[in-house]
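Below you'll find the structure, written out as structure tokens, and then a few comments.
Numbering (the numbering used here), first residue to last: 66 to 401.
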């Protein structure tokens, strides 16, 4: 039986001031657009971070142009080797845990942190930064004990955001302002132009990943939960794994997640009141309104639903069930 949500505050891991933030991967135009959208409401404590992002963003802009000049035509001609596999579910439901289990199968590939943070030029710069600048990443995520690093698997939502696409994750930069882009949690209310622009960005990132490694992609992002129908249409025969967890645990952990992330990523001095709860419940409503309506369009052999508690209790058994249900290949090859 579920226990009541504890009011005890969870410990947050340190995030050294010299470590990079998400925004360090933005191009200059997208960076200043983010500032303008939030009316430059930067707290004095955030001016140092703002300054470093402003200094780094031209490097991303130049790198983007060079990568496009050097590889653009070949990326455009690249086809995905096989339909991707998407891991979805609410934040703090175990998506990261399941993702890291599945990427142990070397028949698959997944975007890493560096590729998601600088999607514009990782083909040029990844070898250099990951080899010599690993100290720019913290050892653990601020909200839990999961290890982080430039070469660790990462959410592709960060790549879409840093490519300049609308994303609810932009809230982390200015948490005191109204949350942006929430309609992208279920793709409801988008104009055809907005939808096509988002699809084009998604296609471009996945083609760039495939151009680099040529393997079948496993992608994980809670923000894709309410987009499953759109993604299924974009990528015929793609597969989906939805992971769920006790809702009391999810709420408590999500309530810890946002302040922990925003505390190290934002340009403001965050104020938390009832608006945090409103944001959490609004996101959940939008995501699952989209998920429950869109999953009906996906054939049952392309969607597998599991529970976090079962994956923790029997990870090998649950993985075998996923491989069998979605026909992902011989599980014995991937068995730990």
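Even glycine gets a Cβ: it sits at the ideal position worked out from N, Cα and C.
Any heavy atom of the ligand GDP closer than 7 Å to the beta-carbon of residue i?
{"i": "residue 323", "result": "What this structure holds is no ligand at all, so the ligand GDP is not there to describe."}
Which value, in whole angstroms, describes the spacing of the CA atoms of residue i and residue j?
{"i": "residue 193", "j": "residue 145", "result": "26 Å"}
{"i": "residue 137", "j": "residue 182", "result": "19 Å"}
{"i": "residue 80", "j": "residue 88", "result": "15 Å"}
{"i": "residue 306", "j": "residue 109", "result": "43 Å"}
{"i": "residue 318", "j": "residue 311", "result": "11 Å"}
{"i": "residue 263", "j": "residue 282", "result": "19 Å"}
{"i": "residue 239", "j": "residue 225", "result": "18 Å"}
{"i": "residue 260", "j": "residue 235", "result": "18 Å"}
{"i": "residue 112", "j": "residue 176", "result": "31 Å"}
{"i": "residue 97", "j": "residue 386", "result": "47 Å"}
{"i": "residue 314", "j": "residue 373", "result": "11 Å"}
{"i": "residue 67", "j": "residue 356", "result": "For residue 67, the predicted model reports a pLDDT of 36, less than 50, meaning its position is unreliable; a value from the coordinates is still stated below. Approximately 24 Å between the Cα atoms of the pair."}
{"i": "residue 107", "j": "residue 331", "result": "9 Å"}
{"i": "residue 155", "j": "residue 380", "result": "19 Å"}
{"i": "residue 170", "j": "residue 337", "result": "41 Å"}
{"i": "residue 162", "j": "residue 174", "result": "16 Å"}
{"i": "residue 167", "j": "residue 335", "result": "36 Å"}
{"i": "residue 69", "j": "residue 320", "result": "Confidence at residue 69 is low in this model, with a pLDDT of 38, below 50, so the placement of that residue should be treated as unreliable; the coordinate-derived value is given next. Their Cα atoms are separated by approximately 14 Å."}
{"i": "residue 286", "j": "residue 396", "result": "24 Å"}
{"i": "residue 208", "j": "residue 316", "result": "14 Å"}
In the DSSP assignment, what residue or residues form a beta bridge with residue i?
{"i": "residue 212", "result": "205"}
{"i": "residue 348", "result": "According to DSSP, which records beta bridges pairwise, residue 348 is partnered with nothing at all."}
{"i": "residue 371", "result": "308"}
{"i": "residue 218", "result": "177"}
Determine whether the beta carbon atoms of residue i and residue j lie at a separation below 8 Å.
{"i": "residue 268", "j": "residue 153", "result": "no"}
{"i": "residue 352", "j": "residue 251", "result": "yes"}
{"i": "residue 284", "j": "residue 151", "result": "yes"}
{"i": "residue 195", "j": "residue 294", "result": "no"}
{"i": "residue 339", "j": "residue 237", "result": "no"}
{"i": "residue 188", "j": "residue 258", "result": "no"}
{"i": "residue 303", "j": "residue 309", "result": "no"}
{"i": "residue 178", "j": "residue 217", "result": "yes"}
{"i": "residue 256", "j": "residue 246", "result": "no"}
{"i": "residue 322", "j": "residue 130", "result": "no"}
{"i": "residue 206", "j": "residue 394", "result": "no"}
{"i": "residue 291", "j": "residue 354", "result": "yes"}
Excluding sequence positions up to five away, which residues of its chain have a Cβ less than 8 Å from the Cβ of residue i?
{"i": "residue 91", "result": "99, 118, 122, 125, 227 and 229"}
{"i": "residue 94", "result": "126 and 229"}
{"i": "residue 203", "result": "78, 79, 80, 81, 84 and 213"}
{"i": "residue 390", "result": "366 and 369"}
{"i": "residue 105", "result": "none"}
{"i": "residue 114", "result": "86, 88 and 332"}
Under 6 Å Cβ to Cβ from residue i, same chain only, skipping five residues before and after it: list those, please.
{"i": "residue 253", "result": "none"}
{"i": "residue 359", "result": "293 and 294"}
{"i": "residue 148", "result": "300, 302 and 303"}
{"i": "residue 249", "result": "231"}
{"i": "residue 344", "result": "244"}
Which residues in the same chain as residue i place their Cβ atom closer than 7 Å to its Cβ, once the five residues preceding and following it in sequence are excluded?
{"i": "residue 199", "result": "214 and 215"}
{"i": "residue 143", "result": "272, 275 and 276"}
{"i": "residue 375", "result": "383"}
{"i": "residue 324", "result": "335 and 337"}
{"i": "residue 219", "result": "176, 177, 178 and 181"}
Quiz item: In the segment 223-304, which residue ranges form an unbroken alpha helix (DSSP H) of at least 4 residues, counting only runs that do not cross its ends?
Solution: Within the segment 223-304, the complete alpha helix (DSSP H) runs of at least 4 residues are 257-278 and 293-299.
Self-check item: Secondary structure, beta strand (DSSP E): runs of 3+ residues fully inside the segment 126-199
Solution: 150-153
Self-check item: Completely contained alpha helix (DSSP H) runs for the segment 301-346, where each covers 4 or more residues
Solution: 312-330
Quiz prompt | Unbroken stretches of the alpha helix (DSSP H), 4 residues or longer, contained in the segment 71-125 | solution = If you keep only unbroken alpha helix (DSSP H) runs of at least 4 residues inside the segment 71-125, you get 93-102.
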